[in-house]
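*Asks:* Quick one: the structure is below, questions incoming.
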Ligand SMILES: [Zn+2]
């Protein structure tokens with residue numbers, strides 16, 4: 001078996017029989033190696049998921065891969081969605097997302113919807129939490145997870161749009177998938193068993209919630225998110241603390257039952 005290489009900027013890499021990835025060269029602390037743009041193809045149908053952000057030749061490379069029937073977005077964060085409208089115009093395809101503001105010449109996606117394109121049969125699973133408009137896309141044997149589950153580490157709950165209670169529900173939904181369904185994330189390498197990873201995420205969230213409860217006991221009820229971060233995320237590089245603060249806000253909201 002050949003070892004997977006991720007990243008491989010600018011080279012289309014086939015991951016499953018129907019899903020290939022083109023990794024955008026936009027790495028940073030939030031995008032990990034960069035944005036994964038997924039190209040789904042079967043029976044003459046072609047769907048591009050998350051065309052990425054503007055500012056380089058990424059959509060030129062995507063457009064050069066051939067005709068596109070449909071563009072889908074896993075959520076509206078700019079590193080996934082910014083290039084969508086321009087790319088869609090280039091390849092003359094509609095754009096669909098959960099949030100109407102990203103749709104071009106098409107309706108918003110709904111939970112449980114099946115999208116037939118060529119021999120592709122894509123099932124929409126709304127999985128709010130990372131953002132309110134986050135969703136996953138199920139194809140045979142795999143699930144595109146956007147930023148709901150990443151290929152490495154954990155994701156953030158982007159408070160106030162992202163919320164912890166729906167995020168935990170979404171993780172439970174993914175944890176209930178059959179064993180061995182491959183996770184195709186928005187950032188980082190693919191995952192061999194997305195349900196198993198979802199269960200790890202749930203354990204991690206519960207552990208963090210316990211830590212936040214303990215921190216609140218220690219600092220008192222007037223604790224700021226920053227104070228909680230300094231106690232609870234001491235193991236995380238300080239450069240990630242602003243992102244952690246968003247998650248702590250989401251956790252404080254959750255604990256206060258708002
Ligand atoms: Zn995101």
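Numbering (the numbering used here), first residue to last: 1 to 258. By construction, the Cβ of each residue, glycine as well, lies at the ideal position given by its N, Cα and C atoms.
Give the residues whose C-beta lies closer than 5 Å to at least one heavy atom of ligand 1, in chain order.
*Replies:* 77, 147
*Asks:* Assuming residue 197 is part of the alpha helix (DSSP H), what are its boundary residues?
*Replies:* Stepping through the chain shown from its first residue, residue 197 is reached at position 197. DSSP places residue 197 in the uninterrupted alpha helix (DSSP H) bounded by 194-219.
*Asks:* In angstroms, rounded to a whole number, what distance separates the CA positions of residue 151 and residue 21?
*Replies:* For the purposes of this step, residue 151 is taken as the residue at position 151 of the chain shown. For the purposes of this step, residue 21 is taken as the residue at position 21 of the chain shown. Using only the alpha carbons, I get a separation of about 13 Å.
*Asks:* Comparing C-alpha positions only, which one of 78, 227, 167 sits nearest to residue 55?
*Replies:* Against the chain shown, residue 55 aligns to sequence position 55. Measuring from the Cα of residue 55, the nearest candidate turns out to be 78.
*Asks:* Taking DSSP's pairing of strands, which residues face residue 259 in a bridge?
*Replies:* As displayed, the chain neither begins before 1 nor continues past 258, which places residue 259 out of reach and without an answer.
*Asks:* By the 10 Å Cβ neighbour count, where 16 or more other Cβ atoms means buried, how is residue 66 classified, buried or exposed?
*Replies:* The residue labelled residue 66 in the question sits at position 66 within the chain shown. Residue 66 is exposed by the Cβ-count criterion.
*Asks:* Find the nearest neighbour of residue 196 within the set 188, 172, 218, judged by alpha-carbon distance.
*Replies:* Taking the first residue of the chain shown as 1, we reach residue 196 at position 196. Nearest of 188, 172, 218 to residue 196, Cα basis: 172.
*Asks:* Since residue 257 contacts residue 50 with CB under 8 Å, what's their CB separation in whole angstroms?
*Replies:* For the purposes of this step, residue 257 is taken as residue 257 along the chain shown, with counting starting at 1. For the purposes of this step, residue 50 is taken as residue 50 along the chain shown, with counting starting at 1. Going by Cβ atoms, the distance from residue 257 to residue 50 rounds to 34 Å, so no, they are not a contact pair.
*Asks:* Thinking C-alpha only, which one of 75, 170, 90 is nearest residue 199?
*Replies:* Here residue 199 refers to the residue found at position 199 of the chain shown. Considering only alpha carbons, the answer is 170.
*Asks:* In terms of alpha-carbon separation, which member of 146, 160, 161 lies closest to residue 154?
*Replies:* The residue labelled residue 154 in the question sits at position 154 within the chain shown. The residue with the shortest Cα to Cα distance from residue 154 is 146.
*Asks:* Applying the 10 Å Cβ sphere with the 16-neighbour rule, what's the burial state of residue 31?
*Replies:* Here residue 31 corresponds to residue number 31 of the chain shown, with the count starting at 1. Buried, since its Cβ has 16 or more Cβ neighbours within 10 Å.
*Asks:* For the putative contact between residue 24 and residue 58, defined by C-beta atoms under 8 Å, what is the C-beta separation to the nearest angstrom?
*Replies:* As a first step, residue 24 is located in the chain shown; it is residue number 24 there, counting from the start. As a first step, residue 58 is located in the chain shown; it is residue number 58 there, counting from the start. 5 Å between Cβ atoms; contact.
*Asks:* When you compare only the Cα positions, how much space is there between residue 267 and residue 83?
*Replies:* Given a span of 1 to 258 for the chain in the structure shown, any question on residue 267 remains unanswerable.
*Asks:* What would DSSP say about residue 8, mapped onto helix, strand or coil?
*Replies:* If you number the chain shown from 1, residue 8 lands on position 8. Three-state result, residue 8: coil.
*Asks:* Would you decide whether residue 163 is buried or exposed? Buried here means 16 or more other CB atoms lie within 10 Å of its CB.
*Replies:* In the chain shown, residue 163 corresponds to position 163, counting from 1. Burial call: buried.
*Asks:* How long is the line joining the alpha carbons of residue 250 and residue 217, rounded to whole angstroms?
*Replies:* Counted from its first residue, the chain shown places residue 250 at position 250. Counted from its first residue, the chain shown places residue 217 at position 217. If I take the Cα positions, the gap works out to 18 Å.
*Asks:* Look at the Cβ atom of residue 124, then the Cβ atom of residue 194, and state whether they are nearer than 7 Å.
*Replies:* Here residue 124 refers to the residue found at position 124 when the chain shown is read from its first residue. Here residue 194 refers to the residue found at position 194 when the chain shown is read from its first residue. Against a cut-off of 7 Å, the Cβ pair of residue 194 and residue 124 comes out as no contact.
*Asks:* Under a three-way DSSP split, which group does residue 3 fall into?
*Replies:* Translated into positions along the chain shown, residue 3 becomes position 3. Legend: pLDDT at residue 3 = 49, less than 50; position of this residue unreliable, value from coordinates given subsequently. Residue state, collapsed to three classes: coil.
*Asks:* Can you have a look at residue 206 and say buried or exposed, based on whether 16 or more other CB atoms are within 10 angstroms of its CB?
*Replies:* As a working mapping, residue 206 is identified with position 206 in the chain shown. Result: exposed.
*Asks:* Please report the straight-line C-alpha distance between residue 45 and residue 209, rounded to a whole angstrom.
*Replies:* As a position in the chain shown, residue 45 is number 45, starting the count at 1. As a position in the chain shown, residue 209 is number 209, starting the count at 1. Each residue's alpha carbon lies about 44 Å from the other.
*Asks:* Work out the CA separation of residue 182 and residue 190 for me, nearest whole Å.
*Replies:* Taking the chain shown and counting its residues from 1, the one referred to as residue 190 is at position 190. Taking the chain shown and counting its residues from 1, the one referred to as residue 182 is at position 182. If I take the Cα positions, the gap works out to 7 Å.
*Asks:* What residue does the alpha helix (DSSP H) around residue 226 start on, and which one ends it?
*Replies:* Looking up residue 226 in the chain shown gives position 226. Taken as a continuous stretch (DSSP letters only), the alpha helix (DSSP H) holding residue 226 covers 225-232.
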